[in-house]
Each structure stands twice: as C-alpha cells, then as structure tokens.
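Using this note's numbering, the letters of the sequence shown correspond one by one to residues 154 to 432.
Where is the CB? At the ideal position from N, CA and C, for every residue including glycine.
Given the structure is predicted, the values throughout are model-derived calculations rather than measurements.
Input: a single structure, listed below in structure tokens.
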Amino acid sequence: MQRRLISLTLGAALVAAACAQPQQPPTPPAASAPEVTLTRLDCGTAGPAADVGRFSDVYSHQGLLLQLTFSCYLIKHGDEYMVWDTGHSLSAGAVAPKVSLVDQLAQLQVKPEQVKFVGISHYHPDHTGQVGSFPATTLLIGKGDWDVLTSPKPPANAPTAPFAHFISGGGKVEPVPLDKDVFNDRTVVMLATPGHTPGHHSLMVNLREKGTVLISGDLMHFHENYDSDGVPPFNTSRSETLASLARLKKIAANTRATVIIQHDARDVGKLPAFPAAAR
Ligand SMILES: [Zn+2]
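Quick look at the structure:
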C-alpha cells in the first residue's frame with residue numbers, strides 16, 4: 154500500500170513537472186543550420202477592394218473596404234527548398250495568378266523537382282491550387298485537413314482535385330498532427346493553429362538577419378481582425394481559432410517576430426519585392 158502511494162505521488166509529481174515545463178519558442182536556430190532565405194511569391198490576382206464584413210461573426214468591420222492579396226513563399230534552406238502554400242490554380246478565373254508558381258520559381262533558377270517540401274497552411278482552394286505542380290515533393294499538411302481531404306465526402310471548400318496525385322498514393326504525404334520542425338534545426342517550423350480549418354497551420358521562419366517571421370496562413374485575414382481577435386463565421390471552430398490567435402500573439406511577442414498576414418496587401422512590403430529574398 155505504502156509503495157503504491159509513493160509511486161502514485163511520484164507519478165503525479167512527474168506529470169506536474171512535465172506540465173509546468175515552459176513551452177519555449179523553438180528559436181534561435183541551431184548553430185549548425187545553413188543560411189535560410191525567404192521570398193514572397195504572387196499566388197493570385199486581387200480584384201477591387203471589397204467589404205470584409207463577412208470575415209467577422211460578431212459583425213465587426215461592416216463597410217470596411219480592403220483589397221486582399223494571395224501570397225505563397227519560397228524558403229531556401231542551404232541548397233534545399235520549401236514552398237509554403239500554392240495559391241490559386243491557373244484556371245481560377247479572375248483571381249488566377251498571372252504567372253504560375255513554376256514560372257516564378259524558374260526566374261529564381263529553381264526547378265519544381267528541387268522543392269523538397271510543399272507545406273500547406275490549409276485546404277481552401279486559394280492555398281492549394283498549384284500543389285499538383287510538385288509531384289516529387291513531400292507534402293506537409295495538417296493531419297486534420299488531410300483527414301478531411303481523404304474523407305468520403307469532403308466539403309466543397311476543400312477541393313481534392315489539386316491533391317489527386319497525393320491522395321491516390323502517387324506522392325509522398327506527411328500529415329502533421331502538431332508542430333513540425335521541418336529541417337530539424339529550428340529554422341522553419343509549422344505551427345499548429347487550428348480553427349480556420351481542423352488542421353490549419355501557420356509558419357515560423359527564423360532568419361539570421363531579419364529574425365523570426367510568422368506567416369499567418371488564414372489564422373487571420375487582415376490587420377483589423379488580427380487586432381480584434383476576429384473569427385470568420387465560416388471557420389470550423391471558433392474556440393480553436395481564439396486559442397490559436399492567442400498562441401500566435403504570444404509567440405510573436407516572445408520572439409519579437411515580424412508577423413505577415415498572407416491575405417493583407419499591406420503586409421507584402423514586409424519582405425523584399427520578388428525576386429529578392431529576406432535573410
Ligand atoms: Zn482559408
């Protein structure tokens with residue numbers, strides 16, 4: 154009895170110690186990490202400024218006119234490459250990009266087969282349209298989103314066509330349940346920020362000169378809904394969105410990060426203009 158009590162107490166103490174461990178942001182990168190650079194790629198064509206009231210389930214931002222943009226990113230890690238999000242497809246009509254991702258990468262002398270990882274923030278079509286251009290990559294996508302894409306009846310806003318090669322088993326897929334340190338040296342980390350979709354992720358990139366850059370995915374869509382913890386009514390979980398916003402804000406404060414909201418045209422200038430890269 155005595156021994157059982159002791160082991161129970163010890164077990165409880167171990168659990169308490171594990172829970173009390175502060176969650177340190179995975180920064181700075183390992184000293185052995187190669188140089189990392191970050192380039193913005195254009196992933197769609199914005200229309201005229203439009204009312205963004207539809208992005209708030211508490212009727213904020215009614216009448217606020219904003220022009221939203223579509224952004225993807227190239228991360229160069231030594232001689233390895235990662236693409237973050239793949240934007241609209243070229244057949245997306247008015248919002249289709251004017252230059253494909255493959256052609257933008259060609260301007261940087263990068264071939265699709267050199268892209269080791271394609272990370273997808275979430276399954277919406279303005280983030281996944283050109284993923285099929287990278288058949289040889291390893292696809293990194295939140296497990297919650299991959300489960301939806303591979304379910305018997307995915308919703309209309311989770312189109313499976315761009316992923317056909319991967320869903321059929323023809324391509325490598327790594328569903329990401331939590332955070333993922335992509336190159337295992339803390340330079341590039343997918344951050345689990347669910348709520349917009351079940352497996353939504355944001356991206357942390359730790360650069361030597363610029364410091365930490367946090368790329369939003371669609372955790373927030375523009376400054377005003379980031380500042381006011383706004384939740385679009387079409388998100389899959391209000392409570393998860395709020396928890397994810399709180400998490401990202403704490404990481405941003407702890408790492409003194411540059412926060413880039415992918416759809417906010419006012420954030421495009423936070424990185425050097427293509428083809429230049431932040432480092
Ligand atoms: Zn979205």
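Can you tell me whether residue i is buried or exposed? The criterion is at least 16 other CB atoms within 10 Å of its CB, across all chains shown.
| i | result |
| --- | --- |
| R193 | buried |
| Y226 | buried |
| E393 | buried |
| Q260 | exposed |
| N337 | exposed |
| Q262 | exposed |
| F387 | exposed |
| P250 | buried |
| D256 | exposed |
| S209 | buried |
| D371 | buried |
By alpha-carbon positions, which one of the options ends up nearest to residue i?
| i | options | result |
| --- | --- | --- |
| I228 | D300, W237, Q267 | W237 |
| G295 | V189, H275, L219, D380 | H275 |
| V341 | G324, G352, L360 | L360 |
| Y234 | S286, V189, A426 | V189 |
| V421 | F208, R339, A184, S369 | S369 |
| A410 | P308, K363, R339 | K363 |
| A345 | G216, K306, A399, Q283 | A399 |
| S253 | Q283, D232, A247 | Q283 |
| F316 | V329, V248, P288 | P288 |
Rounded to whole angstroms, what's the CA-CA distance from residue i to residue j? Just pull it up for me.
| i | j | result |
| --- | --- | --- |
| Q176 | I273 | Because the pLDDT at Q176 is just 39, under 50, the model does not fix this residue reliably, and the point stays unresolved. |
| V326 | F319 | 7 Å |
| E112 | H214 | Here the chain has residues from 154 to 432 only, and residue 112 is not among them. |
| H416 | P181 | 27 Å |
| S286 | A426 | 23 Å |
| V211 | D382 | 11 Å |
| S224 | A430 | 14 Å |
| G240 | P278 | 7 Å |
| L243 | T281 | 11 Å |
| A202 | L219 | 5 Å |
| M357 | P428 | 21 Å |
| P305 | S185 | 44 Å |
| L221 | R339 | 30 Å |
| V412 | A418 | 13 Å |
| P179 | T408 | Because P179 carries a pLDDT of 49, less than 50, the predicted location of this residue cannot be relied on, and no value is offered for it. |
| A171 | R391 | With a pLDDT of only 45 at A171, under 50, the local geometry of the prediction cannot be trusted, and no value is derived from it. |
How close, in whole Å, do the beta carbons of residue i and residue j come, if the pair is a contact with beta carbons under 8 Å?
| i | j | result |
| --- | --- | --- |
| Y379 | I404 | In fact, because the Cβ distance is near 13 Å, the residues do not count as touching under 8 Å. |
| G352 | D298 | 4 Å |
| L191 | V301 | The Cβ separation is near 28 Å, so there is no contact. |
| L401 | S355 | 6 Å |
| H230 | P187 | 6 Å |
| T350 | T303 | Not confirmed; about 14 Å, so no contact. |
query: Any chance the region 306-315 sits against the region 261-271, with 3 or more Cβ pairs inside 8 Å?
result: no
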